[in-house]
Every structure is written in C-alpha cells, then in structure tokens.
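Have a look at the structure below before the remarks.
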Amino acid sequence: MTLNQLLDEGTERLSKAGVEEAALDARYLLLEAFHTDLTHFLIERNRELKAESQESVREFYRMLELRSARIPLQQITGSREFMGLNFFVNEHVLIPRQDTETLAEQVLMDYKGKYPRVLDLCTGSGCIAISLAKLGGFRSVVASDISAEALKVAQHNGEAILGKDKITFLLSDLFNAFRTDERFDVIVSNPPYIPTEVIRKLQPEVRDHEPMLALDGKEDGLYFYRRLAEESSKYLNPGGTVYFEIGYDQKEAVSKLLAEAGFTKIRSWCDAAWFDRVVSGVYEK
Ligand code: GLN
1 MTLNQLLDEG TERLSKAGVE EAALDARYLL LEAFHTDLTH FLIERNRELK AESQESVREF
61 YRMLELRSAR IPLQQITGSR EFMGLNFFVN EHVLIPRQDT ETLAEQVLMD YKGKYPRVLD
121 LCTGSGCIAI SLAKLGGFRS VVASDISAEA LKVAQHNGEA ILGKDKITFL LSDLFNAFRT
181 DERFDVIVSN PPYIPTEVIR KLQPEVRDHE PMLALDGKED GLYFYRRLAE ESSKYLNPGG
241 TVYFEIGYDQ KEAVSKLLAE AGFTKIRSWC DAAWFDRVVS GVYEK
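Those letters in the sequence shown? Residues 1 to 285, per the UniProt record's numbering, in order.
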C-alpha cells in the first residue's frame, strides 16, 4: 500500500459520508496521521509503505471515522489558523472563522500605533483578543466568556501564543461579573447570532458538534446585540468604540440598535465574500 492509495481510500470514505471537501480533508488528516507535510507527501506518495507505518495507518483510519461522523476537521486535528496564528480548539469553542479576521483586521487598522484598553466579550477560543494583543501589541486586553470550558481553551491559547498572564480572562455573562467602574477604549465581540430556527438547517459539523451556546442568538438572532448595545456604553471611556461581528443580514438591525443606544459614527465592513460582517459605533458621552 502507498500513501496515494490511502489518500484515495480516505477521500472515497469521506465523500460517501457527505463531507463537502472530501479530498482536501482526507489529505489534511493523512498529513496529520503521518506527522508529515505536503512536500514530503508529494515525494513519497508512490512508495510502498514500510511496516513501521502501521501506527500512522491506524491513526488515519481512526481520524477518517471521526470525520465521517461529521466531526469538524479542526476538532480532530485540534487546531485552526486565525490571523496567521495557530489556535488550539475543541468542542467547547466555536472554530475561528476567516470571516472574523475582518473584525480583527479593522481594529488593528484603526488603532495602529495606539495602545487601547480592549475588552473581548464571548471570546471563545480567544482568537480575537489574542490576535489583537499579539499583532497590535495591545498590552491591556481583557477576554471574557460565559463558558468555563471555553475560557480554559482561551487561556491555553493565550499562554501558548503570548506567554503567561498577558491577557486577563474573566468568567462572565457579558458584563455581569465586571466591576462597575471598569472602562475600556474598545469593546469587541463575536456573540452568538444565529436565529434558533436557522440552526437546524446548518451543516451537521456546525449544528451537531460546535457549541450551541456560541451560535444561538435566540428567536431573531439579535438577543446579544440588544444587551451589548444597551450595556456597552457604561463600560467605555469617552470616545470608546464597539466592534461587533454580525450575520450577513443583520447590518441594518444592529446599526439601529447601536444608534438607539446613543452610539454615533456607525460604520460597517464586508468580509472577503462581500457579506456584511462587522458593525461599529462610537460612544462620545
Ligand atoms: N459565523 C458562524 C457560523 O456561520 C456563527 C458565528 C456566531 O454565531 N457568532 O457558523
């Protein structure tokens, strides 16, 4: 047997299980199981496998089984790249999406060379807070989440990417556990924003294996934006700014919520696929 034959077999199994990018996923899993990279794979793919590869072959079959059960690729390999950084992920956190880089990039652009005090609510894997601290050099970053399990993941990523105690992590349902005199220059959040009804129509990878707590924006998907719009201004320094990730069809509604809560200079940005993805507003006081 050769690596190429194994790859074909894996692709076919994943394809039969309804996995969308079967060939690509099979290749990622193969590289992971054999602890190798694409270059070595391309050189060695037609060589007969040696006896000592048995362990890797078994590992590849084990991973294929998980992926066939529609467990997300990144939960199997345990990692996902975001803003060029490598984040550990498990079933307790939303897998960082490329869409969310739109938010991180905008904050980095708006605060280049400045050192704002930043809060990331609903941090999940910590991908936004950690990439802002790392790439923006922001030294005062707080990240919070309602899930203790998610916070463990964020803390692990913080230590791996930034070193010990560079970010303050706080277990909190939005602002509930914050001191009332806490103030930030920037508040960012990618809250759960999928309407409950829509969740059952999502791919099984998301619907059955990513944390419901990170997806469900309740009845109309806007539950957390209402709370965020209402509460954020109390925790902002004068002229402070909020940046929220939004669903592709939520720009008008979220902009309106911010305006009603007294925010001005409301802006929005699209993601790489031209879907509305981020809304921001300034609180002048
Ligand atoms: N963008 C995610 C998805 O489509 C949802 C993220 C969220 O609810 N914050 O699955």
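For glycine and all other residues, C-beta sits at the position ideal for the given N, C-alpha and C.
Looking at the backbone, the Cα of SER15 and that of LEU42 are separated by about 22 Å. In the structure shown, THR2 adopts extended strand secondary structure according to DSSP, grouped into three states. With a cut-off of 8 Å, the C-beta of LEU31 is classified as distant from the ligand GLN, since no heavy atom of the ligand falls inside that distance. In the displayed model, LEU66 falls within a helix according to three-state DSSP.
Secondary structure at ALA177: coil, using DSSP grouped into helix, strand and coil.
Under the three-state reduction of DSSP, CYS122 is assigned to coil, being neither helix nor strand. Boundaries cannot be given for ASP99, as no alpha helix (DSSP H) includes it and DSSP labels it neither H nor E. Scanning its chain for C-beta atoms nearer than 7 Å, with the 5 sequence neighbours on each side dropped, one finds around GLY221 the residues TYR193, ILE194, PRO195, GLY247, GLN250, in chain order. Short note on GLY247: C-beta closer than 8 Å to some heavy atom of the ligand GLN.
Just measuring C-alpha positions, the residue of SER233, ILE161, ARG207 sitting nearest GLU182 is SER233. The stretch 80-94 makes no contact with the stretch 58-68: fewer than 3 CB pairs, one atom from each, lie closer than 8 Å. Taking 9 Å as the cut-off, the Cβ atoms of ALA104 and CYS122 do not count as close. ASP208: member of the alpha helix (DSSP H) spanning 204-209, first to last residue.
Classified as buried, MET63 has 16 or more neighbouring CB atoms from the shown chains inside 10 Å of its CB. For ALA143, the three-state secondary structure derived from DSSP is strand. Relative to the Cα of GLU55, the nearest Cα in the group LEU108, LEU85, PHE34 belongs to PHE34. In this structure, the straight-line span from the alpha carbon of GLY163 to that of PHE88 is close to 15 Å.
No heavy atom of the ligand GLN is found nearer than 8 Å to the CB of ARG139. Taking C-beta atoms as the reference points, ALA154 and VAL141 fail to come closer than 9 Å. A straight-line Cα-Cα distance of about 38 Å links SER68 and THR168. Counting only unbroken stretches of 4 or more residues, the alpha helix (DSSP H) elements lying wholly within the stretch 224-264 are 251-260, in sequence order.
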